[in-house]
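In the numbering used here, the protein residues as written are -9 to 266. All residues carry an ideal CB built from backbone N, CA and C; glycine is no exception.
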């Protein structure tokens, strides 16, 4: 397998250098929610009371970045990473409601589009949160394949809460989309969804809602899909760009019985965030 380059920042610099590289490196970006710089022990140096040896190995064998800017929300941060723009320029400064016009626009050129033009297989897996209308989906913004959720976790369990309206028409009008599996195509599908707009040059499959129970293992689904994508790219002898966005670190999370007490060794038995 070609050299694996795992990065968490400086992505647009990589895109420009890749164009001139004889051997194009594979690129994996792991982009979780709610992880502070000290949570990775290569940076925190033990201040959190635990170690992250596998991530530290990447840091020590690669490069560490200590000068950076962070955004105040996941939407703004993700938009800044994938477009290389300040959110005020892309319009992605805050989180949009389900069905809202707020989302990644066609004029916002993405890292995935840059790399796809250089012959890369491009895949995004896990949380997106850059708009949920069809025009916002990753597979019309440079990604060959997307499998993931479109909102932060607690939004998607609203329909299971006891005070959520039981009228199916309410959910149809205001509810969230499910976990989507989409593929970029060359065929312009003119089908128009009344809430989410024209399908466009992509195939969209809704795999079902991200329920509380599914939340417990959904990151495994996303990880398996990422690995499968990488294997297919390798078999096709194509360099890959994979943007993997796990949800487990989010402050709202659901844990399986196997994961519930993973952090107890390092913090306390009550540390749901750490176990996530």
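Do the CB positions of residue i and residue j come within less than 8 Å of each other?
| i | j | result |
| --- | --- | --- |
| residue 55 | residue 235 | no |
| residue 90 | residue 80 | no |
| residue 231 | residue 105 | yes |
| residue 272 | residue 23 | The structure shown does not extend to residue 272, since the chain spans only -9 to 266, so no value can be given for it. |
| residue 124 | residue 186 | yes |
| residue 257 | residue 116 | no |
| residue 83 | residue 66 | yes |
| residue 243 | residue 143 | yes |
| residue 28 | residue 42 | no |
| residue 128 | residue 114 | yes |
Let me check understanding here. Comparing Cα to Cα, which of the options lies closest to residue i?
| i | options | result |
| --- | --- | --- |
| residue 200 | 160, 250, 147 | 147 |
| residue 99 | 249, 77, 163, 224 | 77 |
| residue 193 | 182, 203, 202 | 182 |
| residue 271 | 24, 107, 176, 163 | Limits of the chain in this structure are -9 at one end and 266 at the other, which puts residue 271 out of reach. |
| residue 110 | 116, 121, 135 | 135 |
| residue 97 | 252, 130, 243 | 130 |
| residue 137 | 107, 169, 126, 156 | 169 |
| residue 49 | 58, 32, 174 | 32 |
| residue 145 | 25, 166, 221 | 166 |
| residue 14 | 228, 66, 127, 259 | 228 |
| residue 133 | 151, 150, 108 | 108 |
| residue 180 | 190, 174, 196, 118 | 190 |
| residue 64 | 93, 42, 53, 255 | 93 |
| residue 233 | 225, 226, 220, 244 | 220 |
| residue 174 | 25, 225, 151, 103 | 103 |
| residue 62 | 215, 178, 26 | 26 |
| residue 95 | 198, 216, 75, 126 | 126 |
From residue i to residue j, what does the alpha carbon distance come to, in whole angstroms?
| i | j | result |
| --- | --- | --- |
| residue 112 | residue 51 | 25 Å |
| residue 86 | residue 207 | 25 Å |
| residue 44 | residue 188 | 43 Å |
| residue 16 | residue 223 | 10 Å |
| residue 88 | residue 263 | 26 Å |
| residue 139 | residue 202 | 13 Å |
| residue 171 | residue 58 | 32 Å |
| residue 254 | residue 266 | 11 Å |
| residue 205 | residue 118 | 15 Å |
| residue 261 | residue 209 | 19 Å |
| residue 259 | residue 251 | 6 Å |
| residue 247 | residue 239 | 17 Å |
| residue 217 | residue 153 | 39 Å |
| residue 195 | residue 160 | 22 Å |
| residue 157 | residue 122 | 22 Å |
| residue 176 | residue 35 | 49 Å |
For residue i, name the three-state secondary structure that DSSP assigns.
| i | result |
| --- | --- |
| residue 135 | strand |
| residue 41 | coil |
| residue 161 | helix |
| residue 263 | helix |
| residue 174 | strand |
| residue 147 | coil |
| residue 199 | coil |
| residue 247 | coil |
| residue 129 | helix |
| residue 46 | helix |
| residue 0 | For residue 0, the pLDDT reaches just 41, beneath the cut-off of 50, and the residue's location in the model is therefore unreliable, leaving the point undetermined. |
Comparing the CB of residue i with every heavy atom of the ligand SAH, is any distance shorter than 7 Å?
| i | result |
| --- | --- |
| residue 192 | Within the structure as shown, the ligand SAH is missing, as the structure has no ligands at all. |
- Message: Ignoring anything shorter than 4 residues, give me the alpha helix (DSSP H) runs that lie fully in the stretch 48 to 121, in order along the chain.
- Response: 64 to 73, 77 to 80, 101 to 107
- Item | Runs of alpha helix (DSSP H) wholly within the stretch 181 to 228 (minimum 4 residues, chain order) | 202 to 205, 208 to 225
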